[in-house]
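Asker:
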Amino acid sequence: MPASSAWPARLALAFLLFVLSSASVLLWRQIEAVQQQRVDERVGYQARSLARQLESTLHLEVASLERIARLWNNLGRLPRASWDEEVRRVLQGFPAYQSIQWVGDDLHMRWLLPVEGNEAALNFHLYPEHPNYPLAMEARQTGEQRFSNSFDLVQGGRGFVLYTPLYRKQEGTRVFDGFLQGVFRVEPLMQQLLTQIDREDFNLELLENGHSLFRHGTADSDDRNSLQLGLNLLNNQGFSLRLSPTAQLLDQLETPLPGVALGASLAISLLLVAALALALENSRRAHALQLANRRFKREAERREETEQHLRENRERLQLVLDLTDSSHDGLFIFDSDSRELLHMNQATYATLGYRPEQFAELLRDAPEKLMPDFHRWLEQARQAQRDNLSRIFQRELIRRDGSRQPAEINTQLVQLHDHEYLIAVSRDNSERLQLEAQLQRLSQLDGLTGLYNRRYFDQQLAAEWRRLRRIDAPLALLMLDIDHFKAYNDALGHLAGDDALRRVSSALRESLQREGDTACRYGGEEFAIILANTGLEGAEQVAARIHTALASLDIHHPASPFGRLTLSIGIMAADPVSDEQPGELVARCDQALYQAKHLGRNRTAFWQQTPVDLHQTT
Numbered sequence: 008m009p010a011s012s013a014w015p016a017r018l019a020l021a022f023l024l025f026v027l028s029s030a031s032v033l034l035w036r037q038i039e040a041v042q043q044q045r046v047d048e049r050v051g052y053q054a055r056s057l058a059r060q061l062e063s064t065l066h067l068e069v070a071s072l073e074r075i076a077r078l079w080n081n082l083g084r085l086p087r088a089s090w091d092e093e094v095r096r097v098l099q100g101f102p103a104y105q106s107i108q109w110v111g112d113d114l115h116m117r118w119l120l121p122v123e124g125n126e127a128a129l130n131f132h133l134y135p136e137h138p139n140y141p142l143a144m145e146a147r148q149t150g151e152q153r154f155s156n157s158f159d160l161v162q163g164g165r166g167f168v169l170y171t172p173l174y175r176k177q178e179g180t181r182v183f184d185g186f187l188q189g190v191f192r193v194e195p196l197m198q199q200l201l202t203q204i205d206r207e208d209f210n211l212e213l214l215e216n217g218h219s220l221f222r223h224g225t226a227d228s229d230d231r232n233s234l235q236l237g238l239n240l241l242n243n244q245g246f247s248l249r250l251s252p253t254a255q256l257l258d259q260l261e262t263p264l265p266g267v268a269l270g271a272s273l274a275i276s277l278l279l280v281a282a283l284a285l286a287l288e289n290s291r292r293a294h295a296l297q298l299a300n301r302r303f304k305r306e307a308e309r310r311e312e313t314e315q316h317l318r319e320n321r322e323r324l325q326l327v328l329d330l331t332d333s334s335h336d337g338l339f340i341f342d343s344d345s346r347e348l349l350h351m352n353q354a355t356y357a358t359l360g361y362r363p364e365q366f367a368e369l370l371r372d373a374p375e376k377l378m379p380d381f382h383r384w385l386e387q388a389r390q391a392q393r394d395n396l397s398r399i400f401q402r403e404l405i406r407r408d409g410s411r412q413p414a415e416i417n418t419q420l421v422q423l424h425d426h427e428y429l430i431a432v433s434r435d436n437s438e439r440l441q442l443e444a445q446l447q448r449l450s451q452l453d454g455l456t457g458l459y460n461r462r463y464f465d466q467q468l469a470a471e472w473r474r475l476r477r478i479d480a481p482l483a484l485l486m487l488d489i490d491h492f493k494a495y496n497d498a499l500g501h502l503a504g505d506d507a508l509r510r511v512s513s514a515l516r517e518s519l520q521r522e523g524d525t526a527c528r529y530g531g532e533e534f535a536i537i538l539a540n541t542g543l544e545g546a547e548q549v550a551a552r553i554h555t556a557l558a559s560l561d562i563h564h565p566a567s568p569f570g571r572l573t574l575s576i577g578i579m580a581a582d583p584v585s586d587e588q589p590g591e592l593v594a595r596c597d598q599a600l601y602q603a604k605h606l607g608r609n610r611t612a613f614w615q616q617t618p619v620d621l622h623q624t625t
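The sequence shown begins at 8 in this note's numbering and counts up one residue at a time.
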């Protein structure tokens with residue numbers, strides 16, 4: 008072959024090498040992106056879970072102070088003993104409190120618990136110069152709770168204050184009666200939140216208006232691996248959580264697959280071009296052999312040598328393909344038009360249970376038996392590449408035994424010599440999907456009792472209210488509180504108290520006979536039950552079963568006049584077609600509960616214009 012005619016072929020080989028190298032780099036970048044996505048997903052799941060946990064915890068404590076305020080506003084200024092009892096109950100369930108205070112209408116400190124550690128606040132006066140004075144006046148004017156920014160506490164340390172305005176009736180007019188103040192400390196609040204994560208895997212930082220208030224671990228200088236989420240704390244939108252993975256976690260999540268894939272792809276490209284170049288050289292030598300018979304022997308030897316090189320190159324190419332078998336992720340490459348399989352690594356057929364020839368046959372003749380809706384997925388992959396969209400798809404692969412494997416499939420289409428090849432990297436993400444479902448369940452359940460938590464109660468009550476309004480059906484609500492529970496804990500210890508809460512929760516579940524009835528832990532030793540499509544009579548029957556179930560447990564209570572653990576129950580039945588809102592139902596049911604407590608406990612009362620005592624259990 009003349010030298011002049013060899014240049015077009017060499018240019019074609021150079022172009023082919025460029026195309027193959029570009030495809031290799033593109034595949035490497037895609038695998039790197041998938042790996043980074045795994046890190047982002049892990050951080051995102053944990054950050055959202057922590058944000059929900061912090062918001063839920065503060066929401067629960069806000070509701071506790073709101074409940075005390077409702078009692079104050081509806082029944083008048085509470086006696087000091089009743090106030091102390093309610094406040095100690097709230098403090099017992101939330102260690103992040105520095106104190107709970109009543110500041111009178113003259114803005115001077117009146118009552119404070121606990122006194123120990125808060126002596127510096129006994130003579131506190133909310134002067135206009137105080138940084139929280141405008142916020143407190145706003146709460147007084149609107150009648151709504153307000154959550155402050157952080158500031159230096161007089162007791163020492165950094166903290167926040169929740170201002171809850173109080174009112175009393177005087178000559179038929181509601182007058183301001185001071186503030187119920189919940190004082191939080193930053194450090195205990197965040198230390199409690201840290202129990203929800205693996206401290207070795209994540210760095211955590213609490214920010215206020217961009218400034219750090221609390222930090223666990225080291226700050227992540229790489230913004231690519233950190234996630235910052237805003238917190239919804241009543242009126243205050245200035246707080247956020249920043250979560251980032253530690254180097255230890257990144258080492259666990261990163262794999263050598265991107266480098267292996269890049270090296271293997273480049274090696275395959277080089278070997279393929281080299282093989283074609285050798286073939287070109289062989290043709291040239293054959294042409295030269297035809298021109299000079301005297302060089303026949305020498306050229307024959309060279310030809311044999313070239314063939315030996317080709318065999319060695321094929322072995323090297325196979326070795327490179329075998330490297331993909333070390334990956335835990337599945338890899339298969341096929342012609343998108345004919346669906347002829349070019350390559351499939353060991354992880355693919357080991358995971359799915361097919362032999363390579365079986366996989367190739369199904370892919371060619373019946374791809375729907377490998378992946379449901381295969382043709383639609385292939386078209387989506389083409390459209391995603393044309394529109395430069397995400398080429399990661401959540402699909403299901405069918406194993407040989409008929410079971411289904413959730414899989415996250417990363418696709419890349421490569422056009423080469425009028426053929427379209429699809430490179431697919433599949434990963435079994437069933438563990439991640441299970442983790443998502445578990446996080447959803449954990450966000451709705453109380454960790455101690457296994458009942459639904461306050462967050463779920465608020466959501467379910469609103470949903471049932473809307474549903475029953477559409478079908479014109481009644482709704483009943485029960486609020487339950489364990490009698491003398493603080494005295495029970497003081498006498499027998501908190502471990503016995505936790506066990507009692509679990510036994511009472513089990514009795515509540517057993518007393519509900521319909522699938523749609525919902526029992527929730529409202530807070531501390533207080534519970535709530537939602538009875539859909541149920542009137543007052545049905546609610547009374549449920550309350551009676553609960554009293555009977557708890558009596559059958561016969562849990563000894565040394566500090567109770569009844570000698571055993573008892574419950575007080577408030578009932579409110581309403582028709583959701585009225586103009587009332589679910590919050591009004593909760594407030595009236597809470598008043599009925601308070602009336603049951605006031606009448607001697609161990610009884611049930613329901614709300615009318617004046618709460619009515621149904622009965623006292625024996």
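Where a beta carbon is used, it is the ideal one built from N, C-alpha and C, also for glycine.
#1: Counting Cβ pairs closer than 8 Å, one from the region 62-69 and one from the region 501-512, do we hit at least three?
#2: Does Thr555 come out as helix, strand or coil in the three-state DSSP assignment?
#3: Taking the Cβ atom as the reference point for each residue, do Gly577 and Leu600 lie within a distance shorter than 8 Å?
#4: Closest to Phe492 by C-alpha separation, out of Glu532, Arg528 and Asp479, would be which residue?
#5: Over what stretch of residues does the alpha helix (DSSP H) that includes Lys176 continue unbroken?
#6: Where do the N-terminal and C-terminal ends of the alpha helix (DSSP H) with Phe492 fall, by residue?
#7: Suppose only complete runs of 4+ residues qualify. What are the alpha helix (DSSP H) ranges in the region 50-127, listed by chain order?
#8: Let's test the definition: count the other Cβ atoms within 10 Å of the Cβ of Ile537 and tell me whether it reaches 16, buried, or not, exposed.
#9: Quick test of your reading: Asn81 and Arg153, contact by CB under 8 Å. State the CB separation rounded to the nearest angstrom.
#10: Mind checking Phe191: buried by the 16 CB within 10 Å criterion, or exposed?
#11: When the distance is taken between beta carbons, is Asp336 closer than 8 Å to Ser433?
#12: Does the distance from the C-beta atom of Gly457 to that of Arg407 stay below 8 Å?
#13: What are the start and end residues of the alpha helix (DSSP H) that includes Ile562?
#14: Sorted by chain position, which residues of the same chain lie with C-beta nearer than 7 Å to Arg95's C-beta, five sequence neighbours on each side aside?
#15: Express the C-alpha separation of Phe303 and Glu347 in angstroms, rounding to a whole number.
#16: Opposite Pro413 in the DSSP bridges: which residues?
#17: Between the C-alpha atoms of Leu208 and Ala373, what's the straight-line distance to the nearest angstrom?
#18: Indicate the three-state DSSP secondary structure (helix, strand or coil) for Ser228 in the structure shown.
#19: With DSSP collapsed to three states, give me the class of Ser251.
#20: Among the candidates Leu85, Leu27, Pro252 and Asn460, whose CA atom is the shortest distance from the CA of Lys176?
#21: Among Leu574, Ala535 and Trp109, which one has its Cα closest to the Cα of Val593?
#22: Based on DSSP bridge pairs, tell me the residues matched to Ser219.
#23: Any idea if Gln520 is buried or exposed, counting beta-carbon neighbours within 10 angstroms, 16 or more meaning buried?
#24: Over what stretch of residues does the alpha helix (DSSP H) that includes Arg147 continue unbroken?
#25: On the CB-based measure, 16 or more other CB atoms within 10 Å of its CB, does Val584 come out buried or exposed?
#26: Can you tell me where the beta strand (DSSP E) with Tyr529 in it begins and where it stops?
#27: According to the Cβ coordinates, are Gly100 and Gly185 closer than 8 Å?
#28: According to the neighbour-count rule (16 or more other Cβ atoms, all chains shown, within 10 Å of its Cβ), is His132 buried or exposed?
#29: Report the residue from Arg181, Val182, Pro138 and Tyr174 whose alpha carbon sits nearest the alpha carbon of Phe167.
#30: Rounded to a whole number of angstroms, what is the C-alpha to C-alpha distance between Ala414 and Glu403?
#31: Using beta carbons (cut-off 8 Å, strictly below), is Glu547 in contact with chain C?
#32: What residues in its chain sit with their C-beta under 7 Å from that of Ala546, if we drop five residues either side in the sequence?
#33: Looking at Gln412 and Asp626, is the spacing between their C-beta atoms short of 8 Å?
Answerer: According to the data block:
#1: No, they do not touch.
#2: Looking at Thr555 - three-state DSSP - the assignment turns out to be helix.
#3: For Gly577 and Leu600, yes; Cβs fall inside 8 Å.
#4: Its Cα nearest to that of Phe492, the residue Glu532 stands out among Glu532, Arg528 and Asp479.
#5: No alpha helix (DSSP H) holds Lys176; the beta strand (DSSP E) holding it covers Arg165 to Gln177.
#6: For Phe492, the enclosing alpha helix (DSSP H) starts and ends at Phe492 to Leu499.
#7: Fully enclosed alpha helix (DSSP H) runs of 4 or longer: 87-100.
#8: So Ile537 ends up on the buried side.
#9: Asn81 to Arg153, Cβ: 21 Å. No contact.
#10: Around the Cβ of Phe191, a 10 Å sphere holds 16 or more other Cβ atoms; the residue is buried.
#11: Closer than 8 Å, so yes.
#12: With respect to Arg407, Gly457 sits apart: the two C-beta atoms are not nearer than 8 Å.
#13: Here Ile562 belongs to no alpha helix (DSSP H), and DSSP marks it neither H nor E.
#14: Excluding positions up to five away in sequence, the list reads Leu120 and Lys493.
#15: If you take the alpha carbons of Glu347 and Phe303, they lie about 42 Å apart.
#16: Answer is Glu403, bridged to Pro413.
#17: Residue 208 is actually Asp in this sequence, not Leu. Between Asp208 and Ala373, the alpha-carbon positions lie close to 44 Å from each other.
#18: In this prediction, Ser228 has a pLDDT of 49, which is less than 50 and means its spatial position is unreliable; what the coordinates show is noted afterwards. Reduced to three states, the DSSP call for Ser228 is coil.
#19: When DSSP states are grouped into helix, strand and coil, Ser251 belongs to the strand group.
#20: When each option's Cα is compared against that of Lys176, the closest is Leu85.
#21: Ranking Leu574, Ala535 and Trp109 by Cα distance to Val593 puts Ala535 first.
#22: Among the bridge pairs identified by DSSP, Ser219 is matched with Leu214.
#23: Classification for Gln520: exposed.
#24: Boundaries of the alpha helix (DSSP H) harbouring Arg147: Tyr140 to Thr149, taken from the DSSP string.
#25: Classification for Val584: exposed.
#26: Run containing Tyr529: Thr525 to Gly530, per the beta strand (DSSP E) assignment.
#27: Against a cut-off of 8 Å, the Cβ pair of Gly185 and Gly100 comes out as no contact.
#28: Classification for His132: exposed.
#29: Looking at the Cα atoms, Pro138 is the closest of the given residues.
#30: Between Ala414 and Glu403, the C-alpha separation is close to 6 Å.
#31: Protein chains in the displayed structure number just one, and chain C is not present.
#32: For Ala546, the CB contacts under 7 Å within the same chain, skipping 5 residues up- and downstream, are Ala483, Leu485, Leu538, Ile578 and Ala580 in chain order.
#33: Only positions 8 to 625 of the chain appear in the structure, and residue 626 is not among them; the question remains open.
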